[in-house]
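Student: The following block contains the structure, expressed as structure tokens.
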């Protein structure tokens with residue numbers, strides 16, 4: 023048995039799967055709904071929005087392009103780093119599944135934003151008026167894809183991001199189901 027399989031099996035011993043299943047169902051449902059319905063609002067959408075806006079500030083000192091990219095980058099880094107931090111500090115295998123589902127939902131939200139790069143139909147929050155003094159229109163992905171010469175590919179890139187989000191969600195749920203099975207069978211072994 024690999025070290026990861028052994029470690030996750032040891033972690034599962036004596037733990038209850040039912041409360042974790044409820045957490046995963048809630049987070050997974052939000053991610054699936056974000057994949058299916060671009061207008062879906064959840065508690066994570068507000069959290070992701072705050073993280074996204076903070077990313078612009080955090081990366082803003084590295085120039086306009088990196089500052090604009092920083093919002094989306096931070097929106098993906100936070101769930102990834104949260105899962106990693108919880109795993110490294112607490113060896114919580116289930117946190118990887120939850121943060122994976124959060125990451126998938128966040129990427130699904132970003133795919134909507136990316137897919138709007140040419141259409142510019144989304145209502146966006148702006149910190150100020152666009153006075154025309156820069157090439158930045160206020161729409162992150164319009165600017166980013168234009169600057170990289172891929173504006174015409176916005177829908178393809180968005181579809182790819184949605185596909186990756188779906189794969190990450192699927193893997194996260196499978197990982198959690200494996201943990202639930204380990205927890206359930208470990209309890210049965212203890213009862214014997």
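In the numbering used here, the protein residues as written are 23 to 214.
For glycine and all other residues, C-beta sits at the position ideal for the given N, C-alpha and C.
1. To the nearest angstrom, how far is it from the Cα of residue 115 to the Cα of residue 56?
2. So, using beta-carbon positions, are residue 163 and residue 126 closer together than 7 Å?
3. Given a threshold of 16 other Cβ atoms within 10 Å of its Cβ, counted over all protein chains shown, does residue 101 qualify as buried or as exposed?
4. Report yes if the C-beta of residue 122 is less than 6 Å from at least one heavy atom of the ligand ATP; otherwise report no.
5. Using 8 Å for Cβ pairs, my map puts residue 90 next to residue 166. What's the rounded Cβ distance?
6. How would you call residue 58, buried or exposed, if buried means at least 16 neighbouring beta carbons within 10 angstroms?
7. Looking only at its own chain, which residues have a Cβ that is under 7 Å from the Cβ of residue 97, when we skip the five neighbours before and after it?
8. Assess, as a yes-or-no matter, whether the region 33-47 is touched by the region 191-211 under the definition of 3 or more beta carbon pairs within less than 8 Å.
Tutor: Put simply:
1. 24 Å
2. no
3. Answer is buried; the Cβ neighbour count reaches 16.
4. Questions concerning the ligand ATP fall outside what the structure shown contains, since it holds no ligand whatsoever.
5. 6 Å
6. Residue 58 is exposed by the Cβ-count criterion.
7. 70, 73, 74, 77, 128, 132
8. yes
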